[in-house]
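Convert by adding 1045 to the 1-based position in the sequence shown; the result is the number in the working numbering.
C-beta atoms are modelled at their ideal positions from N, C-alpha and C, and glycine is treated no differently.
Since the model is a prediction, treat every value here as computed from it, not as a measurement.
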Amino acid sequence: MTDRIAIIGAGPAGIAAAIQLKRYGLESILFESHRVGGLIHNAWKIENYPGFPDGIPGVELAAAMKQQLDAANVVPHIERVRLLDYDSTKQIFLILTDQNEYEAEFIIAASGTKPKNIEILESLDERLKKNVYYEIAPILGAKDKTIVIIGAGDIAFDYALNLAEENKVVILNRSANSSALPLLKNLVSKNDHISYYENVDIIGIEETETGLMKLIFTGDGTASPIESDYILAAVGREPQDTYFSPELARISEELQRKGRLYMAGDIKNGIFRQVGIAVGDGLLAAMRIYRSLKENKSCV
């Protein structure tokens, strides 16, 4: 059976698209590999999304979005999309998940981004690697720990502020510059639970007798070595489009021009990763699909 519209990713863009399509009377199938809300679960506080004058924690906004999906009777399929392909003969998208195979006429790719790896962390022994993370979610409940964050952008500083409520945090910046917002820099500088070092070169990471990680590094105002319970890497993100088949990647732009494939949210916006932008992208994709179907007189 061919589904008319498939949405890959239930973050802000995918949620907005699914709800808008429902308002048009169009059914869609919404795939999510992990949990509804996507990366906004990682956000300490979202302060630039209209309607929340005091800001809102990411987990709360994600919960509210899930409630709105429920109210619209949209049930996400918690399935990881392993492969998205396009059959040029049948002019149909082929979707392969861990559990099933699907077909669709239209695709909204709203799968967001994935973290960039750090070579020295990837080469660690498995015993140490189990305490290395690229997302904050697994250690949000940490208490009375020492956590090293590698990176100095918005995400790294946001993670630090979140974790510093119950832990000691050390930020290691591999250069002398930080791309974080001035607001975040100011908050970090005033937080007694956060230490910050620049021009850091990590020389090695060893296991201590107590099972902690000892980071050996050089840098401005260095306090090397530092013993840490966890390492959290936050050195940038890249589009999560690895599930595109080589053929689909080749003809992606053509399918977008034809109005069959829509990219929505962080997957296409580079450094402009904002909830408001993602929501707008999702709405726009849904509205364009509706208009396309209406003009072809094939709406339900």
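Proximity below 8 Å, CB of Y1288 to CB of R1127: The answer is yes: Cβ separation under 8 Å.
D1246 (DSSP reduced to helix, strand or coil): strand
Residue of G1256, G1249 and M1332 minimising C-alpha distance to L1169: G1249
Nearest-angstrom beta carbon gap, A1309 and A1294 [assumed within contact, 8 Å]: Incorrect: roughly 17 Å between the Cβ atoms, too far for contact.
Member of F1138, I1195, V1215 and I1200 whose CA lies at the smallest distance from the CA of Q1301: For Q1301, the closest C-alpha among the options F1138, I1195, V1215 and I1200 is that of F1138.
Close beta carbons around I1334, own chain, < 8 Å, minus the five adjacent residues each side: I1050, L1066, L1071, F1151, I1153, G1304 and Y1307
Limits of the alpha helix (DSSP H) - the one that L1338 falls within: V1320 to E1340
Between the CA atoms of K1339 and A1278 - distance to the nearest angstrom: Distance between the alpha carbons of A1278 and K1339 is about 46 Å.
C-beta atoms of G1157 and G1054 nearer than 8 Å: Taking 8 Å as the Cβ cut-off, G1157 and G1054 qualify as a contacting pair.
Three-state secondary structure assigned by DSSP to N1162: coil
Contacting residues, own chain, Cβ-Cβ under 7 Å from K1159 (five flanking each side not counted): Apart from sequence neighbours up to five positions away, the residues of its chain that approach K1159 with a beta-carbon distance below 7 Å are R1282, E1283 and Q1285, ordered along the chain.
Residue range of the unbroken alpha helix (DSSP H) whose run includes D1115: G1103 to A1116 is the extent of the alpha helix (DSSP H) around D1115.
Residue interval of the alpha helix (DSSP H) (run including L1173): E1171 to K1174
Inter-stretch contact at 8 Å, needing at least 3 Cβ pairs: the stretch 1081-1097 / the stretch 1105-1118: yes
Sequence-distant residues of its chain with Cβ nearer than 6 Å to F1202 (five each side left out): A1225, L1229 and V1233
I1153, enclosing beta strand (DSSP E) - first and last residue: E1146 to A1154
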